[in-house]
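In terms of our numbering, the sequence shown is residues 569 to 840.
These notes concern the structure reproduced below.
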Amino acid sequence: MKRKVTLRSTLLIAAPLLLAALPALAEDAPGPIISIIGGLAPDDLLNIRATASADGKIAARLPNGAAVKNFGCNLVNGYPWCKVEDTQDAHIVGWAPARYLSPNNPAPAPEDTAVPAAEAAAPQDGNAPQAPGAPSPDIAARLGGSEPADPPSAADISVTAMQDAYGLAFAASATAQSDTPAPDAAGGIPCARHVGQPMTRCEISVAHEAGDSVVTVTWPDGGTRVITFRDGKPAGSDSSDEFRFTREGTLNMIRVGVSERFEITDQLALGE
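Shown next, in the form of structure tokens:
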């Protein structure tokens, strides 16, 4: 005996409306690619930052050889930054300089308005206050329909989607601003003294003379390292070991010998 399957009329009505409301570019949107982190000095780690800036808050650090999902890259202040997610831990999401990622994703990075998958899947406490700009969970009420038999119109869906996008964008912007403190010498700088040691914080003092600067770094366990800036760039240290540096925007990533690492912004070193 053949079984007859009948679709509910409400689904037949709602499906075309939902399809009409989807952005036309969604079908063509490229997915993430897998990039491998490389180009770091031995035993160094790549900073994954909350915002696409050398001054952005460090969300995590990953080593050479780590694989990340690369969602796309944007040019920020003349430097390409890519939105990435650790393939081993979906909670590690942020921005990294494109030059340390291979291959690069030629697609533009998505806006920071999406809720992370882990957060979206987490159960919500009905008594917890809603975050500023967060949409109400009662989608039926927000679309004006009280019964499942009353499918929302395409116009209703579009208006609600726009409201959600603006609200989430505002909340993301406010969070990014609050998570990025202004550089302050009193707060110290990221530093590491030994091979394989995670970055910690070192106190510093800065002396300016005739356009040049001398930054004295004090290790948490005692001792100091003096780093000289000339013509706006790191020039050397008081150590006989090899001195080298790279720049990410206005951040100077300095290495002395095989183990010492320092991160000093132009604003701290030069008073800009």
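Using N, Cα and C, we set each Cβ at its ideal position, and we do this for glycine too.
Reducing DSSP to helix, strand and coil, say where residue i ends up.
i	result
A666	helix
I755	Sequence check: residue 755 is Gly here, not Ile. In this structure, G755 counts as helix in the three-state DSSP scheme.
P631	strand
K651	strand
A775	strand
D623	coil
R793	strand
D657	coil
V841	Missing from the structure shown is residue 841; the chain here goes from 569 to 840 and no further.
D612	coil
Hey, quick one: how far does the beta strand (DSSP E) through residue i stretch, first residue to last?
i	result
N672	Here N672 belongs to no beta strand (DSSP E), and DSSP marks it neither H nor E.
N645	No beta strand (DSSP E) holds N645; DSSP gives it neither H nor E.
Please classify residue i: is it buried, with 16 or more other beta-carbons within 10 angstroms of its beta-carbon, or exposed?
i	result
A841	Residue 841 lies beyond the residue range present for the chain, which begins at 569 and ends at 840; the question has no answer from this structure.
S807	exposed
G662	buried
A658	exposed
V826	exposed
In chain order, what residues of the same chain lie with their CB nearer than 8 Å to the CB of residue i, ignoring the 5 residues before and after it?
i	result
V785	I757, C759, C770, E771, I772, T792, R793, V794, I795 and F830
Near residue i, which residues of its chain fall below 6 Å by C-beta distance, leaving aside the five closest residues on each side in sequence?
i	result
P544	Here the chain has residues from 569 to 840 only, and residue 544 is not among them.
D611	V763 and G764
Less than 7 Å between C-beta atoms, sequence neighbours within five positions excluded: which residues of the same chain meet that for residue i?
i	result
N615	I626 and R629
F811	G804, S805 and V824
* To do: Could you pull out every unbroken alpha helix (DSSP H) segment of at least 4 residues lying fully inside the stretch 799 to 840, listed in chain order?
  => 834 to 838
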